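Trainee: Please see the structure below; I have some questions.
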Amino acid sequence: MPSTAGTPHAFALTEEQQLIRRTVRDFAEKHVRPIASEIDEEKRFPTENIKRLADLGLMGMLVPEEYGGSGADIVSYAITIEELSRACASHGVITSVNNSLCAWPIYNWGTEEQRETFLEPLCTGEGLGAYALSEPGAGSDPAGMTSTAIKEGDAYILNGQKNFITNGGHADTYIYFAKTDPDERHRGMSAFILDKDMDGFEWSEPEEKMGIRAAHSVQLFLDDVEVPEGRMLGEEGEGFKIAMQVLDGGRIGIGAQAVGIAQACLDASKEYASEREQFGQPISNFQAIQFKIADMAMRTEVARNQVYKAAAMKDAGEDVTQTASIAKLNASEASMENAIQAVQIHGGNGYTTDYPVERYMRDAKITEIYEGTSEIQRLVISREEFN
Ligand code: CAA
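Numbering-wise (the working numbering), the sequence shown opens with residue 4 and increments by one.
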């Protein structure tokens, strides 16, 4: 039988995807990891890195070149979020929200005028994007939102409040969901593109959070904000489906973020276990530690494979609702478990801020909550099973 050694297998990354991984990893080692602990402690948004990310083409990855993006595939995008998050999960989510929750829907549903107006700044780092779906009384149940958009002449008057809006305050462009028919649930919802400069648009100070503290989350307050009808994204009443389809893609990004955190936990644990000596030898000699490392490696690898599969399916234009939920659910639980075990391997040191694993543990937790809690992912997965 002729040798097939060296032939790429079905799961192999392309040369280009491998190059993107090396490029993002180098960038993260140079510009992200050195500040990760400091920006977490100071709760400081890393403004200095937004333009750098954009210059590498990482802020408009899902937007074709003709609109200023880099037109990358979704597997490359997942690799990017993973590598950024391996160094700093805050950078991961800032980048993910700009790419999948703001730029992508404008490209996918936007009119030619909307694409030309909004995409270039989001891709070049001149602007930043956010996605405003959650409200104080409508988190897992966005169809229960109370934000309204009432038509008056050739504009809509928007009122309402949003919370936990990632990139809020720093962002220039917001995908804002509101009820154009407040008597309806999901069928009454529409999507709009808002600027932060619009009269009546205000936001709060960033929330005090357990993790991803450099990625700011704010509340938004809309008081009679007049939005021209040309700013509606998609058709009236189409907002819920847009929100859900955007989240199908967004969940691949959060899955990738979780894989990055899971890998960071494994990296830190291997390094520590090789150096830390107890009973006269490195603790990596003990099977109790080796088995934890084996489980961490397994969880990370399985999570990565599922995230890349969801990304590859989306690249192929397939429906990813269930696959993306499986990827996000599995990766977020893997990252949380890896973080718990990483702190355990580090012992007392892991409980201090002298080592990064306590940050990984705080950061991992959010991946089980945002862009759909683990309970919502299980709901989505089981509904598809019974469909
Ligand atoms: N794609 C396309 N259409 C979809 C869809 C999808 N993934 N999911 C549902 N729909 C359609 C349904 O087919 C249905 O269509 P019809 O009107 O034609 O029948 C319609 O939408 C309503 O669907 P459901 O009856 O299933 O709606 P529901 O109210 O029961 O909600 C849910 C379903 C899965 C629970 C959904 O509400 C959900 O995902 N909730 C979680 C919300 C969430 O993830 N929020 C995250 C906020 S963003 C964020 O976190 C950003 C950040 O900070 C980083």
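Just so it is clear, CB atoms sit at the ideal spot from N, CA and C, and this is done for glycine as well. Since this is a predicted model, take the numbers as computed values, not measurements.
Here's the rule: buried if 16 or more other CB atoms are within 10 angstroms of the residue's CB, otherwise exposed. What is G214?
Mentor: Residue mapping note: residue 214 aligns to position 211 of the sequence shown, counting from 1. Result: buried.
Trainee: Along the chain, where does the beta strand (DSSP E) containing S220 start, and where does it finish?
Mentor: The sequence position of residue 220 within the sequence shown is 217, counting from 1. Segment 220-231, the beta strand (DSSP E) holding S220.
Trainee: Would DSSP call Y354 helix, strand or coil?
Mentor: Taking the sequence shown and counting its residues from 1, one reaches residue 354 at position 351. If DSSP states are grouped into helix, strand and coil, Y354 belongs with coil.
Trainee: For the beta strand (DSSP E) containing D198, list its first residue and its last residue.
Mentor: In the sequence shown, the residue the question calls residue 198 occupies position 195. Where D198 is concerned, the enclosing beta strand (DSSP E) stretches over 192-198.
Trainee: Please tell me whether T303 and S143 are closer than 8 Å, where the distance is taken between their beta carbons.
Mentor: Against the sequence shown, residue 303 aligns to sequence position 300. Against the sequence shown, residue 143 aligns to sequence position 140. Going by C-beta atoms, T303 is not nearer than 8 Å to S143.
Trainee: Give the secondary structure of P11 by DSSP, where H, G and I count as helix, E and B as strand, and everything else as coil.
Mentor: For the purposes of this step, residue 11 is taken as the residue at position 8 of the sequence shown. Correct three-state label for P11: coil.
Trainee: Which partner residues of T151 appear in the DSSP bridge assignment?
Mentor: For the purposes of this step, residue 151 is taken as the residue at position 148 of the sequence shown. Looking at the DSSP assignment, T151 forms a beta bridge with N162, K182.
Trainee: Around the C-beta of P124, are 16 or more other C-beta atoms found within 10 angstroms, so that it is buried, or is it exposed?
Mentor: Mapped onto the sequence shown, residue 124 falls at position 121. Buried is the call here.
Trainee: Report the three-state DSSP secondary structure of T303 (helix, strand or coil).
Mentor: By one-based count along the sequence shown, residue 303 stands at place 300. Reduced to three states, the DSSP call for T303 is helix.
Trainee: When DSSP labels each residue in this structure, what does I215 get in the three-state scheme?
Mentor: Within the sequence shown, numbered from 1, the residue matching residue 215 stands at position 212. Three-state result, I215: coil.
Trainee: Tell me, to the nearest whole angstrom, how far the beta carbon of E86 is from that of R28; I am working on the premise that it is less than 8 Å.
Mentor: Taking the sequence shown and counting its residues from 1, the one referred to as residue 86 is at position 83. Taking the sequence shown and counting its residues from 1, the one referred to as residue 28 is at position 25. Indeed, because the Cβ distance is near 5 Å, the residues count as touching under 8 Å.
Trainee: Say the cut is 7 Å; is the CB of H34 nearer than that to a heavy atom of the ligand CAA?
Mentor: Walking along the sequence shown from the start, residue 34 turns up at place 31. No, the Cβ of H34 stays beyond 7 Å of every heavy atom of the ligand CAA.
Trainee: Do I348 and the ligand CAA come close, with the Cβ less than 7 Å from some heavy atom?
Mentor: Indexing the sequence shown from 1 puts residue 348 at position 345. Checking every heavy atom of the ligand CAA against the Cβ of I348, none is found closer than 7 Å.
Trainee: Would you mind working out which of M299, A291, S335 sits nearest V310, comparing C-alpha positions?
Mentor: On the sequence shown, residue 310 is found 307 positions in, with the first residue counted as 1. Nearest option by C-alpha distance: S335.
Trainee: Tell whether a beta-carbon distance below 8 Å holds between I255 and A330.
Mentor: Walking along the sequence shown from the start, residue 255 turns up at place 252. Walking along the sequence shown from the start, residue 330 turns up at place 327. Yes, the pair counts as a contact, with Cβ atoms nearer than the cut-off.
Trainee: Relative to the alpha-carbon of K199, which residue among N170, E115, A152, E232 has its alpha-carbon at the smallest distance?
Mentor: For the purposes of this step, residue 199 is taken as residue 196 along the sequence shown, with counting starting at 1. Closest option to K199, Cα to Cα, is N170.
Trainee: Can you round the beta-carbon distance between N1 and M62 to whole angstroms, since I take them to be within the 8 Å contact cut?
Mentor: Outside the shown range of the chain (4 to 390) lies residue 1, about which nothing can therefore be said.
Trainee: Which one of F167, K244, R25 has the shortest CA to CA distance from W112?
Mentor: Here residue 112 corresponds to residue number 109 of the sequence shown, with the count starting at 1. Out of F167, K244, R25, K244 has the C-alpha closest to the C-alpha of W112.
Trainee: Would you grab the beta carbon distance between V221 and P231 for me? Rounded to a whole angstrom, and I think it's under 8 Å.
Mentor: In the sequence shown, the residue the question calls residue 221 occupies position 218. In the sequence shown, the residue the question calls residue 231 occupies position 228. The Cβ separation is near 24 Å, so there is no contact.
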